[in-house]
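*Asks:* The structure that follows is given in the form of structure tokens.
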Amino acid sequence: MTSIRGVGKASGWGLGRGLCAAVAVAAAMGGGHAFAQTEITMWSNWPDEPAKKEWVTARVKDFEAANKQCTVKLSFIPKADIYTQAKSAVRTGQAPDIFYMEPDQPEFLAGGFLEPLDGYIDLNGLEDWAKPAWTSKGKVYGVPVEAYTVELYYNKDLVKKVGVDVPASFQLTQAQFTDLVKKGVAAGITPVSQGVGDRPFPGGQLLFESLLRKLGPDDYKKLLNGELSFKDPRVQEVMTWVKELVDAGAYPKSFSTLKLGESHFYFYNSPGSLTFPDPSWFTGRAFAAPEKGGMPANFPLGIMKFPAMDKGACPNCKTLAVAGSFVMYSKGKNKDCAGALLKSMANAENGTKWISEVSLQSGLKSDPAKIVSPHKAYFDELNARNKDVTYFFGTPLLYYRAKCAETYIQVMNNAFPAGLISVADAAEKMDAACLKK
């Protein structure tokens, strides 16, 4: 947990008249030496991801240096704990002025707990494709700092060791990926590192990315909107294929308890796996120092495309989404300072710094010509895998709500990839919860 406070002369930049007047009165009463200060509270995720933590800390320090009227009490808290604490705090009036949030938590907006930001930030500092993730009834409610694509990372040496050559297209067919899984199992190497011990989504990544490529963006959206049945023959074909991979031993034996951070370590350290489906925020942990759980130096990291489905409608489709964002508490008492902080973050300069320092996409605009990264080779490969792709915006949990979301978590994130439920039963449960009658 980090607390940062600024002290100095008021500048009044980006603040309301009332606060500026209070500063002036305080200065006059103190002979020009004293002034009112407003402390705002801010909760951020990423306590165990050094590059992201340093980016947020730097933005707060920059803000305080330019706005002496405002101090920031900044705390880094694990995401699950932020959500648990925030759900209670917003109802009791104790929520922080600014807190971390992702678009897959709609109850905060539906409950009226988020402040529209249109009057506080320059919306031109946000990527046009990122704004819809936080737009409701024409208003924008979040600063989309973190964006990502869903990637399939692999260990080049281990894949070669089991006798599989990745083609120049970097995309295996269904049969070739099945062969990779079976050869990994035969060699005693876990084919796919994945775990759902502390997250509601990883177990569905391989299945749903495959469904996107099989169905194409239009029918895939229908599936997520409850307008297409999981009993559709195309959906059944992909589910049957994934079930074959599960039964062949694709996932770790510790799948149900393995946590997200542990699945990273499992892939690039011990015991090691052939592949790792993960959003491109993978870099937050992987590029940390090895002694802090990061990837070993000279690890043979590669990025392949998810397999092309037999008779798939869109082999080059890929999921693009907004993740880590910052929102303002609608009942906060320090909206001038809170709004000014968010305004100072939401620009191309900071988007460029994020991409350079974190090695991850951003929903903030950026200047590609100014991006300088120590991981240039990685970025070059990531950009190559994202060339000429058709993006689909949003993950399943951005679409699924209430009972449908709960069923997705229980069935598609947990039971189905754990081999605990059949294709027919999984489809039946998803249709019962999600299919619009």
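So the sequence shown is numbered by the numbering used here: it starts at 580 and just counts up by one.
For each residue, glycine too, the CB sits at the ideal point set by N, CA and C.
#1: Tell me, to the nearest whole angstrom, how far the beta carbon of residue 634 is from that of residue 679; I am working on the premise that it is less than 8 Å.
#2: Please give the ranges of any alpha helix (DSSP H) in the region 789 to 828, keeping only runs that are unbroken, at least 4 residues long and fully inside the region.
#3: Cα separation between residue 864 and residue 852?
#4: Would you kindly work out how many angstroms separate the C-alpha atoms of residue 886 and residue 776, rounded to a whole number?
#5: Write down every uninterrupted run of the beta strand (DSSP E) in the region 730 to 766 whose length is 3 residues or greater and which is fully enclosed by it, in chain order.
#6: Is the CB-CB distance between residue 706 and residue 861 below 8 Å?
#7: Give every residue of the same chain whose Cβ lies closer than 8 Å to the Cβ of residue 909, excluding the five residues on either side of it in the sequence, and list them in chain order.
#8: For residue 925, which residues of its own chain have a beta-carbon under 7 Å away from its beta-carbon, when the five flanking residues on both sides are left out?
#9: By alpha-carbon positions, which one of 992, 896, 627 ends up nearest to residue 870?
#10: When DSSP labels each residue in this structure, what does residue 931 get in the three-state scheme?
#11: On the DSSP letters alone, give me the boundaries of the beta strand (DSSP E) that residue 978 sits inside.
#12: If you follow the alpha helix (DSSP H) that residue 724 is part of, which residue opens it and which one closes it?
#13: Go through its chain and collect everything with a Cβ distance to residue 844's Cβ below 7 Å, but skip five positions before and after it.
#14: Hey, how far is the Cα of residue 819 from the Cα of residue 764?
#15: So, for residue 1039: in the same chain, excluding its five sequence neighbours on each side, which residues have a beta-carbon less than 6 Å away from its beta-carbon?
#16: With contact counted as at least three CB pairs below 8 Å, one residue from each stretch, are the region 801 to 809 and the region 991 to 1010 in contact?
#17: Return the bridge partner residues of residue 858 from the DSSP annotation.
#18: Let me know the secondary structure DSSP gives residue 987 once reduced to three states.
#19: Compare the Cα-Cα distances from residue 998 to each of 967, 750, 912, 822 and report the closest residue.
#20: Which term fits residue 658, buried or exposed, when burial requires 16 or more other beta carbons within 10 angstroms of its beta carbon?
#21: Would you list, in sequence order, the uninterrupted beta strand (DSSP E) runs of no fewer than 3 residues that lie entirely inside the region 625 to 711?
#22: Check whether the Cβ atoms of residue 784 and residue 831 sit closer than 8 Å, and answer yes or no.
#23: Give me the Cα-Cα distance between residue 616 and residue 647, rounded to the nearest whole angstrom.
#24: Suppose you measure from the CA of residue 759 to the CA of residue 652; what does that come to, to the nearest Å?
#25: For residue 1009, report the span of its alpha helix (DSSP H) as first-last.
#26: For residue 882, which option in 978, 745, 968 has the closest C-alpha, if you only look at C-alpha atoms?
#27: For residue 649, tell me which candidate among 912, 1016, 688, 1011 has the shortest Cα-Cα distance.
#28: Any idea what DSSP makes of residue 874, helix, strand or coil?
#29: Assign residue 908 to one of three DSSP states: helix, strand, or coil.
#30: Which residues mark the beginning and the end of the alpha helix (DSSP H) in which residue 958 is found?
#31: Are the CB atoms of residue 940 and residue 727 within a distance shorter than 8 Å?
#32: Output needed for residue 985: all residues of its chain with C-beta closer than 8 Å, excluding positions within five of it in sequence on either side, in chain order.
#33: Which of the three DSSP states, helix, strand or coil, is assigned to residue 866?
#34: Less than 7 Å between C-beta atoms, sequence neighbours within five positions excluded: which residues of the same chain meet that for residue 676?
#35: State buried or exposed for residue 624, treating a residue as buried only when at least 16 other CB atoms are found within 10 Å of its CB.
#36: Quick check on the DSSP output: the beta strand (DSSP E) that includes residue 897 runs from which residue to which?
*Replies:* Reading it off the structure:
#1: Contact doesn't hold; Cβ gap of about 13 Å is too wide.
#2: 812 to 827
#3: 17 Å
#4: 26 Å
#5: 750 to 752
#6: no
#7: 691, 692, 693, 694
#8: 700, 701, 704, 705, 722, 943
#9: 627
#10: helix
#11: Segment 975 to 978 is the alpha helix (DSSP H) holding residue 978; no beta strand (DSSP E) there.
#12: Here residue 724 belongs to no alpha helix (DSSP H), and DSSP marks it neither H nor E.
#13: 872
#14: 19 Å
#15: The requested residue 1039 does not occur in the structure, where the chain is confined to residues 580 to 1016.
#16: yes
#17: 729
#18: helix
#19: 822
#20: buried
#21: 649 to 655, 677 to 680
#22: no
#23: 7 Å
#24: 49 Å
#25: 1002 to 1013
#26: 745
#27: 912
#28: coil
#29: strand
#30: 955 to 964
#31: yes
#32: 1012
#33: coil
#34: 619, 620, 621, 907, 908, 911, 913, 917
#35: buried
#36: 896 to 901
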